[in-house]
Amino acid sequence: MSNCLICANTYEPFMSFGQMPIANAFLSPEQFPSEYFFELQVGFCPTCAMVQLVTQPDREMIFHENYAFFSSTSARMEAHFMEFADLVIKGYIQSADPFVIEIGSNDGIMLQHFANSGIRHLGIEPSANVAQVAIDKGIQTITRFFDEQLAREIVEEYGQADAFLGANVMCHIPYLHSVAAGVKILLKPDGVMIFEDPYLGDIIEKTSYDQIYDEHAFYFSVASVSYLFEQHDLEVVDVQPQNVHGGSMRYVIAHQGAHPVSSAMVAQHVKEDTLGLRSAETFDGLRKNIEHSRDALINLLRNLKQNGKRVVGYAATSKSTTVINYCGITPDMVEYISDTTPIKQGKFSPGMHIPVRSYETFKANYPDYALLFGWNHAEEIMAKEQPFRSAGGKWVVYVPKLQILE
Ligand code: DWN
Ligand code: SAH
232 MSNCLICANT
242 YEPFMSFGQM
252 PIANAFLSPE
262 QFPSEYFFEL
272 QVGFCPTCAM
282 VQLVTQPDRE
292 MIFHENYAFF
302 SSTSARMEAH
312 FMEFADLVIK
322 GYIQSADPFV
332 IEIGSNDGIM
342 LQHFANSGIR
352 HLGIEPSANV
362 AQVAIDKGIQ
372 TITRFFDEQL
382 AREIVEEYGQ
392 ADAFLGANVM
402 CHIPYLHSVA
412 AGVKILLKPD
422 GVMIFEDPYL
432 GDIIEKTSYD
442 QIYDEHAFYF
452 SVASVSYLFE
462 QHDLEVVDVQ
472 PQNVHGGSMR
482 YVIAHQGAHP
492 VSSAMVAQHV
502 KEDTLGLRSA
512 ETFDGLRKNI
522 EHSRDALINL
532 LRNLKQNGKR
542 VVGYAATSKS
552 TTVINYCGIT
562 PDMVEYISDT
572 TPIKQGKFSP
582 GMHIPVRSYE
592 TFKANYPDYA
602 LLFGWNHAEE
612 IMAKEQPFRS
622 AGGKWVVYVP
632 KLQILE
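Residue numbers (the working numbering): 232 to 637.
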């Protein structure tokens, strides 16, 4: 039994992935002996519907000055965040001198559009190396973790915000009550918080279990997010599904009663009941689908190895750490992982220690198969890797189900 981080009631974990390393802790051989592992377990709270990790390593072990994920590594995501910023500028900030805050602003992929438009802005990004990239672009950034205390300091120094934004960050924060309390203090009376995260409905539908790793403390639904904010006299007034990161949901939050609630919001609540996002059987089903997905992938990789095929991983994503360690994918099955991020290259993947090499290595000598760890960017990647396919290369994709694309 564990206690829910949102409603404090007890719940039973529905799945353990076993011992896992930190997803983004790419390492060098001298660090192998001291590598950190924890049990990756996930549970569903029947009271408030929140899906969550049973334990999460300390935040300082995950987000620090050597954080390995830089947001601007996908052209599709750059376009997505330009559209997100545009929507906020045109639709949500009408005051004379608006003030916009973003948490988890990373390398400034979204905030740069506010900075370039001369809009008062503030990024809050605890990982110093990625924050520095944003600062170098002229984006005002504080290298701190956001919480209620920081919210008070910001109000004192800068005043309240018209918009408080976050993408793929809220689900990373276990102390969400402190965040929501901070939002309550920070938002102007008619201000909005707009954030997006991978959507639980998509994770279940696609068996995209690799979204489950140390950084993701929560797997949100409209039901669980609504429950959280109601405790702070805030409400979800709109939801907008997003076709990024395998299926995300954008939530618009406002002070209770300040904005009308959209029909999309009401409809999504009904849809979630139909999808069974509040029912324990759904999570039993998810666990079985995850086990099936693991067996299918590892059998295929063993088979390819027996047949002497060269298999290379494509994109050393955070998600790949769960897949590699849970399925037991070893360096004799996957020769190396190709990745465009300099800080990952020359290092080894967490846990199984598969080498990470540059993208140039991949292009210089195509393997027989590329295992698509960045399946969420399939459209972008497949488009640019047409020459790999023309040369006879095949893709192995495991979400939503195992497929070989010739
Ligand atoms: O929630 C999170 C999301 C937003 O980003 C974070 N917790 C961490 C991170 O997750 P991820 O690592 O699974 O993100 P991506 O965007 O699926 O993968 C990024 C990695 O893929 C980078 O290392 C770059 C690499 N990549 C590549 O090598 N070639 C990406 C693309 C598009 C490519 O063409
Ligand atoms: N928004 C970006 C980055 C997502 S990765 C994108 O969508 O691509 C998650 C980011 O949240 C990391 O850069 C991490 O350092 C940051 N983060 C983690 N906890 C945080 C907190 N409490 N407050 C603000 N940022 C946080």
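Cβ atoms here follow ideal geometry from the backbone N, Cα and C, with glycine treated the same way.
As the structure is a computational prediction, the values presented were derived from the model and not from experiment.
- Here the alpha carbons of Tyr440 and Phe275 stand approximately 14 Å from one another.
- Between Glu427 and the set Pro329, Thr438, Val456, the nearest pair of CA atoms involves Val456.
- Lys625 is bridged by DSSP to Tyr600.
- Thr241 sits in a strand when the DSSP states are folded into three classes.
- For Gly413, the enclosing alpha helix (DSSP H) begins and ends at 407-417.
- The continuous stretches of beta strand (DSSP E) do not include Tyr323, and DSSP gives it neither H nor E.
- Look at Glu446: its beta carbon is less than 6 Å from one of the heavy atoms in the ligand DWN.
- When Thr572, Glu522, Ser589, Ala254 are compared, the shortest CA-CA separation from Pro581 is found for Ala254.
- Here Val587 carries a strand assignment [DSSP, helix/strand/coil].
- With 16 or more other Cβ atoms inside 10 Å of its own Cβ, Leu517 counts as buried.
- Per DSSP, reduced to three states, the secondary structure at Ile385 is helical.
- Around the C-beta of Gln262, fewer than 16 other C-beta atoms lie within 10 Å, and the residue is accordingly described as exposed.
- In this structure, Phe395 has its beta carbon at no less than 6 Å from each heavy atom of the ligand SAH.
- Exposed is the label assigned to Arg533, since fewer than 16 other Cβ atoms lie within 10 Å of its Cβ.
- Shortest gap from the CB of Ile355 to any heavy atom of the ligand DWN: 6 Å or more.
- Out of Ala280, Leu407, Gln250, the CA that lies nearest to the CA of Glu243 is found in Ala280.
- Bounds of the beta strand (DSSP E) holding Gln473 are 465-473.
- Secondary structure of His486 (DSSP, three-state): strand.
- Exposed is the label assigned to His523, since fewer than 16 other Cβ atoms lie within 10 Å of its Cβ.
- Here the C-alpha atom of Val543 lies approximately 39 Å from the C-alpha atom of Cys235.
- The alpha carbon of Leu258 has as its nearest neighbour, out of Asp563, Tyr389, Gln442, Arg588, the alpha carbon of Arg588.
- Taking all protein chains shown into account, Pro429 has 16 or more neighbouring C-beta atoms within 10 Å of its C-beta and is therefore buried.
- Relative to the ligand DWN, the beta carbon of His311 is positioned no closer than 6 Å to any heavy atom.
- The three-state secondary structure of Ile521, taken from DSSP, is helix.
- DSSP assignment within the stretch 537-588 yields the following whole alpha helix (DSSP H) runs of 4 residues or more, N-terminal first: 549-558.
- Within the same chain, Cβ atoms closer than 7 Å to the Cβ of Phe377 are found at Ile334, Ile355, Val410, Gly413, the five residues on either side in sequence being excluded.
- For Phe345, the uninterrupted alpha helix (DSSP H) segment begins and ends at 342-347.
- Inclusion of Val483 and Ala394 in the CB contact set at 7 Å is not warranted, their separation being larger than that value.
- When C-beta atoms of the stretch 316-327 are compared with those of the stretch 370-389, fewer than three pairs fall below 8 Å, so the two segments do not count as touching.
- DSSP, reduced to helix, strand and coil, places Gly335 outside both helices and strands of the structure shown, so it counts as coil.
- Between the stretch 486-497 and the stretch 452-471, the count of C-beta pairs closer than 8 Å reaches three or more; the two stretches touch.
- Relative to the ligand SAH, the nearest heavy atom lies less than 6 Å away from the CB of Ser358.
- Taking 7 Å as the cut-off, the Cβ atoms of Val630 and Tyr450 do not count as close.
- Using a Cβ distance threshold of 7 Å, Ile350 and Ser302 do not count as a contacting pair.
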